[in-house]
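What follows is a short report on a single structure.
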Amino acid sequence: LWRRKWDNSRTPSLCLIHRLDHIVMTVKRLKDTTMFYSKILGMEVVSPQIGDQKALCFGDQKFNLHEMGKEYEPKATHLVPGSLDICLITKMHLEEMVQCLKACDIIEEGPVPRTGAKEPIMSIYLRDPDGNLIEGSQLYFLMMEISPCQ
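Under the working numbering, think of the first position of the sequence shown as 24, with each following residue one higher.
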């Protein structure tokens, strides 16, 4: 029933969203997740002022972490650790990233060419302790060391 209000709308859709601020990840164990993302991917672990909540910060974004069974309200309807598939862009040369991650023996696939949100990317794939698929990518034009305008 609720769909009928927007399914048949004659009004053109405007893009009301500007950028992504944060994602909430449901995890099995906060300690395992914070160790992985801080040690392997270099994210900063922060503790907001709410209880024992943890978050991972990088660039202008963050992942809020909800430990399974200890979630904060409001929360998603179906909480399942390991259900995310996220693409993260790196400024590091992909070959350098590959060398770092090979030492940890966690690369599942890649480097392989992919289509990013705005342009072609080269990606490698790995999984975090909960089984989330993490795609580490570099913009293709940066790999070629040329400007996208040339």
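The C-beta atom is built at its ideal place from N, Cα and C for all residues, glycine as well.
Taking the CA atoms as reference points, R137 sits about 32 Å from K54. For A126, the uninterrupted alpha helix (DSSP H) run begins and ends at 117-127, by DSSP.
Separation of the CB atoms of Y95 and H89 is rounded to 6 Å, and the pair is thereby assigned contact status at 8 Å. With fewer than 16 other Cβ atoms inside 10 Å of its own Cβ, A99 counts as exposed.
Of K141, S106, I147, the smallest CA-CA separation from V121 is found for I147. Spanning the alpha carbons of L107 and E158 requires a straight line of approximately 11 Å. In the structure shown, Y163 falls within a helical segment according to DSSP collapsed to helix, strand and coil. Annotated as distal: L111 and Q161, with beta-carbon spacing of 8 Å or more.
Note that the segment 75-93 touches the segment 47-62; at least 3 beta-carbon pairs, one per stretch, sit closer than 8 Å. Within the segment 127-161, the complete beta strand (DSSP E) segments at least 3 residues long are 130-138, 143-150, listed from N- to C-terminus.
Apart from the 5 residues on each side of it in sequence, G154 sits with its Cβ closer than 6 Å to the Cβ of G105 in its chain, given in chain order. Within the model, the alpha-carbon separation for Q76 versus E142 is close to 35 Å.
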